[in-house]
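Heads up: the structure comes next, in C-alpha cells.
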Amino acid sequence: MRLLLVEDDQMIGESLVRGLRDEGYVVDWVKDGAAGLAAMQDPATPYAIAVLDWNLPRKDGLAVLKSARACGVTLPVLMITARDELADRVSGLDSGADDYVVKPFELAELKARLRSLLRRRDGRATSEVIHGAIVLDPVTHTVKLHDAPVAVTPREFALLRALMERPGAVLSRARIEEHLYGWEETVQSNAIEFTIHSLRRKLGNGVIENVRGVGWRIGFVS
Amino acid sequence: MKSLRRGLTTWLCVAVAAVGALCVGVGNWQAHRETQSQLDYQMEQVARILAAQDFSAPRQSDEPADPDILPQVYIHHDNEDDLIVVVRDSGGRVRYASKSNRHVPGGLLPPLGVLGFHVRDFGTGPYRVFSAQSNGLSIEVALSMDVISEVEGGVALATLLPIVLLLPVLALVIGLVIRRHVSPLDEAAAALAQRPASSFEDLPAADLPVEVRPMVEEINRLMRRLETTVIREKQFVTDAAHALRTPLTALQLQVDVLDGGRDAAEKAVRLAELRTGLRRIIRLSEQLLSLARNESAAGVNEEKTDLRQGLEDVSQLYADAARIRQVRIQVELDASVLVPGSPRRLGLILGNLVENAIRYAPAGTAVSIRASVAGGRARIEVWDEGVGLPPQELERVFERFYRAPGDASNGSGLGLSTVDSIVRQLGGSVWLENRTDTSGLVAIVSLPVVS
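Chains as they are written, first to last, in our numbering: chain A, 1338 to 1559; chain B, 13 to 463.
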C-alpha cells in the first residue's frame, strides 16, 4: 500500500514515515507543496492514499489539493491541519480533502482515518479484506487462513494485500514493486519471487497464481 | 459617596427655603407697616368726620348712632363695632359715644390727655388710640390691638400664601430639572455597565453635556488603547498556541512510534528523535516566555552591560553547539563599551543571532561576531556562510512565527522577532543582509553606547 506524505516539518515527517511504515505502508515523503502536487500527478506511482499538510512552503496544501483535483486526481487525501476553525475545515473538505486531522493528533487516529478512507474507496464496511478462506486485517496486521492466524512479514502482508484488494486483476512485477517499495529503496531482482514463494509456503500453492508473461493474481483458496 | 444630583437638589432646596423664609419675614413686616398706616389713616379720617358733626345736644351712649356719622370707611374689617369712638366737649361731657364702648372696662373710653396716636391698655388688652381736638371738641378713636393683629394676619397671609404654596412646587421643579440634566450621565453609566468585557466600542459622547464630554472622550481614548493591547495579547496567545501545535504533534508522534522499532538500534534512533522533539518544544516555550516578558517590560531599562562581557558569554555558551556542528566561532571587538539593557537581554539578542548563524552555517565554516563603535553607536555583526535568504525574506523573517519557505531547521520562528523586540526597546535597530563576498547572511545590530 503506497502512501504519499507531504509534510514540511522534519520531525513530524520522520515520525510519520516510521509510524506508517510500521503499519505496512510504503511511504514516499516530500517536503513542499510543489513536489507534493508533482508526485500526486505522476502516473508512474500509484498511490493508494495521500497525507497532506495544510501549511506547506512553495504551495500550500489547499492549493495543492485544488490543483490535483482539477487535474482529475481521485486519490483519497487526508489533510493535516493546525487550523481547527469550522470555516477552515469546511473549505478544506470542499476543496477535495476526504478527511482531516487537527494538530496535535495521535498516530492511532491518523492510521484509523487512513484505513477508513481506504475502506470507503473500496466500498467496504470493515477493514478486513476477505478472499475465500483468507482474511487479511490491516488493523491488526494479521492474516488468517481458515480462522487460524498465519505469521507473515510486513512485505508479505503488503504483497498479499495488493493482490487481495483487486481480486481477479493481474499485477505486473513493476506494479507490485511500486506497492512494496518507496523511492529510496533498492529492489533486489528476485525479491518479489522470494516473497511469493514464502506466501505460497504459508498459505498454500494456490494462493497466488502466475499469469505467464504478465504478472500475478490472487488465487481462490477454499 | 458624593452625588451630584443629591448635592444640587439639597442645596438648591435649602436656598429656596431660605429665600422663602426671608420673603415671609419681609412680607410680615411690610404687612404690619401697611396695615398700621392704613388703619391709622382710617382712624384719623373717622376723627375728622366726627369733628365736622354738630354735637350741640348731648347724647346717650346707648342711643342709636346716626348711621351717617360713621361711614363705611373701614374696609378691611366688617365689624364697625370694633371701632370705639368718644366725643367730649371742652367741659369733658360726652357728646357722642359709640356703642362699642361697652367692650372697654367702665363702659366708656377714658380721655387720653395727649394728642396723636398712642397705645394704651385699659385692662382688657392694648388698644391703639387716636386723640384729636377740633372746634372745642375732643375726639378719641380707639381700636383693639387684637383686631389690628387679626387684620395684619389676614394681609400677611394673602401676601405670603402664594409664596409658601409655590415653594414645594419650585423644589419639585428643581428636582426634575436636575434629574433631567443628570440623566445622560446615568444612561452612560448604565450603557457602560451593560456592555460585555470584550466590547471596546466608543461610548456615545455626542448627546452628552459639554462639561462631561471631555471625560467620556478620554475614556474612549483609553478604551482604544486598551483594545490595541488586548488585541495584541490575544494575538500573541493565539500565535503561541498555534506555534505549539507543530512541535506538540511531533512529540505525540515520536511517542507513538516508540514501541514500533524492530530492533534495539531502531528503538534508540526513535528515542533520540523524541529527545530532540522535547528540546525543540522546551526551546520554544523559553522563547515564548522571553518574548512575552520582553513585551510586557515597559519603560526604559536603566541597566547597562559591558559588550565585551556579553560577547564572551555568548561565545562560551554556544561553544559546544558550534563544535557539534563543526563550526568555528570568532569574536572581534575594537573597544569595550557599555550598551543599554541587562546582561540577560544582551544575551538574548546575541544568543539568538549566534544560534541562527550556527544552525545555518555549513560544517567547516566560521561564524564571526564583530563589534565596533562609531559615532556613539555600537555595531554588532554576526556573519555566517550559510545559504543566505532571498531578498524578499530579509524583513519577513522578523515577523513572529514566520519561517522562510524551505527552512528545514526546527526553529520556532520566534528568535528574530524576540531580538527585534528587545533591540527596539533599547533604542537600537536590527536588520539582515546577504553577504556579497560569499554566500551567507549578516545580522547587524546597532545599539546606542551609554557611559
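By construction, the Cβ of each residue, glycine as well, lies at the ideal position given by its N, Cα and C atoms.
Original post:
Are at least three pairs of beta-carbons, each pair with one atom in the region 178-194 of chain B and one in the region 117-126 of chain B, less than 8 Å apart?
Top reply: No, they do not touch.
Original post:
In this structure, does DSSP put residue 1520 of chain A in helix, strand or coil?
Top reply: Residue state, collapsed to three classes: coil.
Original post:
Apart from the five residues just before and just after residue 1458 of chain A, which ones in its own chain have a Cβ nearer than 7 Å to its Cβ?
Top reply: If we look at residue 1458 of chain A and ignore the five residues flanking it on each side, its Cβ neighbours are 1413.
**OP:** Indicate the three-state DSSP secondary structure (helix, strand or coil) for residue 1372 of chain A in the structure shown.
**Re:** DSSP places residue 1372 of chain A in helix when its eight states are reduced to three.
Original post:
With a cut-off of 8 Å, does the C-beta of residue 269 of chain B fall near any C-beta of chain A?
Top reply: At least one beta carbon of chain A lies nearer than 8 Å to the beta carbon of residue 269 of chain B.
**OP:** Please name the residue in B:172, B:303 and B:343 whose C-alpha comes closest to that of residue 437 of chain B.
**Re:** Closest by alpha carbon: B:303.
Original post:
In chain B, what lies closer than 9 Å to residue 1445 of chain A by C-beta?
Top reply: Residues of chain B passing the Cβ test: 268.
**OP:** Tell me whether residue 463 of chain B is buried or exposed, calling it buried when 16 or more other Cβ atoms sit within 10 Å of its Cβ.
**Re:** Under this definition residue 463 of chain B is an exposed residue.
**OP:** For residue 1442 of chain A, go through chain B and note every residue whose CB falls closer than 8 Å to its CB, in chain order.
**Re:** In chain order: 261 and 264.
Subject >> Selection from B:135, B:51, B:334 and B:112 that minimises the alpha carbon distance to residue 161 of chain B >> reply: Of the residues B:135, B:51, B:334 and B:112, the one whose Cα lies closest to the Cα of residue 161 of chain B is B:51.
Original post:
Between the C-alpha atoms of residue 1545 of chain A and residue 425 of chain B, what's the straight-line distance to the nearest angstrom?
Top reply: Residue 1545 of chain A and residue 425 of chain B have their alpha carbons spaced roughly 53 Å apart.
Original post:
Can you list, in chain order, the residues of the region 392-411 of chain B whose Cβ is nearer than 7 Å to any Cβ on chain A?
Top reply: Listed by position, the residues of the region 392-411 of chain B near chain A (Cβ gap below 7 Å) amount to none.
**OP:** Quick one: residues in its chain with C-beta nearer than 7 Å to the C-beta of residue 1556 of chain A, no 5 flanking neighbours on either side, listed in chain order?
**Re:** Hits under 7 Å: 1543, 1544, 1545 and 1546.
**OP:** For residue 250 of chain B, decide whether its Cβ has a neighbour in chain A, counting only Cβ atoms nearer than 8 Å.
**Re:** For residue 250 of chain B, the answer is no, since every Cβ of chain A falls outside 8 Å of its Cβ.
Subject >> Proximity below 8 Å, CB of residue 369 of chain B to CB of residue 340 of chain B >> reply: Going by beta carbons, residue 369 of chain B and residue 340 of chain B fall outside the 8 Å limit.
Original post:
With a cut-off of 8 Å, does the C-beta of residue 257 of chain B fall near any C-beta of chain A?
Top reply: Chain A contact via Cβ: present.
Subject >> Assigned exposure category for residue 1430 of chain A - 16 Cβ within 10 Å defines buried >> reply: Around the C-beta of residue 1430 of chain A, fewer than 16 other C-beta atoms lie within 10 Å, and the residue is accordingly described as exposed.
Original post:
Under a three-way DSSP split, which group does residue 129 of chain B fall into?
Top reply: Per DSSP, reduced to three states, the secondary structure at residue 129 of chain B is strand.
Subject >> Beta-bridge pairing of residue 156 of chain B - partner residues as DSSP gives them >> reply: DSSP links residue 156 of chain B through a beta bridge to B:139.
Subject >> residue 1547 of chain A, DSSP secondary structure in three states >> reply: Residue 1547 of chain A carries a strand assignment under DSSP once its states are collapsed to helix, strand and coil.
Subject >> For residue 88 of chain B, three-class secondary structure by DSSP >> reply: With a pLDDT of only 42 at residue 88 of chain B, under 50, the local geometry of the prediction cannot be trusted, and the value read off the model is given with reservation. Three-state result, residue 88 of chain B: coil.
Original post:
Taking the C-alpha atoms as reference points, what is the distance between residue 1422 of chain A and residue 1444 of chain A?
Top reply: Computed Cα separation, rounded: 22 Å.
Subject >> residue 1356 of chain A, buried or exposed, once every other Cβ within 10 Å from all chains shown has been counted against 16 >> reply: The C-beta of residue 1356 of chain A has 16 or more other C-beta atoms within 10 Å across all chains shown, which makes the residue buried.
Original post:
Counting only beta-carbon atoms, is residue 1355 of chain A nearer than 8 Å to chain B?
Top reply: Yes, because at least one Cβ of chain B sits closer than 8 Å to the Cβ of residue 1355 of chain A.
Subject >> Chain-ordered chain A contacts of residue 287 of chain B [CB-CB under 9 Å] >> reply: The contacting residues do not exist; residue 287 of chain B stays about 11 Å from chain A at best.
**OP:** State the Cα-Cα distance for the pair residue 1536 of chain A and residue 1493 of chain A, rounded to the nearest angstrom.
**Re:** Cα to Cα, the separation comes out at about 7 Å.
Subject >> Proximity winner among B:205, B:197 and B:294, relative to residue 217 of chain B (alpha-carbon distances) >> reply: Here the closest residue by C-alpha is B:197.
Original post:
Does any residue of chain C bring its CB to less than 8 Å from the CB of residue 1352 of chain A?
Top reply: Looking for chain C here will not work: the only protein chains present are A and B.
Original post:
Where does residue 246 of chain B land, buried or exposed, given buried means 16+ other C-beta within 10 angstroms?
Top reply: Taking every protein chain shown into account, the CB of residue 246 of chain B has fewer than 16 other CB atoms within 10 angstroms, so this residue is exposed.
Original post:
How many Å lie between residue 1515 of chain A and residue 1440 of chain A at the Cα?
Top reply: Rounded to the nearest angstrom, the two C-alpha atoms are 30 Å apart.
**OP:** Output the residue ranges of the alpha helix (DSSP H) runs that lie fully inside the region 1411-1437 of chain A and measure 4 residues or longer, sorted by chain position.
**Re:** Inside the region 1411-1437 of chain A, DSSP marks whole alpha helix (DSSP H) runs of 4 or more residues at positions 1423-1431, from first to last along the chain.
Original post:
For a contact meaning CB atoms closer than 8 Å, what does residue 1387 of chain A contact in chain B?
Top reply: Simply none; closest approach about 17 Å.
Original post:
residue 193 of chain B touches chain A at which residues, Cβ-Cβ below 8 Å?
Top reply: Within chain A, no residue comes near residue 193 of chain B; the closest Cβ sits about 49 Å away, beyond 8 Å.
**OP:** From the DSSP output, read off the bridge partner residues of residue 1474 of chain A.
**Re:** Beta-bridge pairing links residue 1474 of chain A to A:1479.
Original post:
What residues from chain A crowd round residue 272 of chain B, counting only those whose CB sits closer than 7 Å?
Top reply: Ordered by position in chain A, the residues that pass the 7 Å Cβ test against residue 272 of chain B are 1355, 1356 and 1359.
Subject >> Own chain, CB closer than 7 Å to residue 76 of chain B, minus 5 neighbours either side, in chain order >> reply: Residue confidence for residue 76 of chain B is low, a pLDDT of 47 falling below 50, so the modelled location carries little weight; the figure read from the coordinates is stated next. No residues qualify anywhere along the chain.
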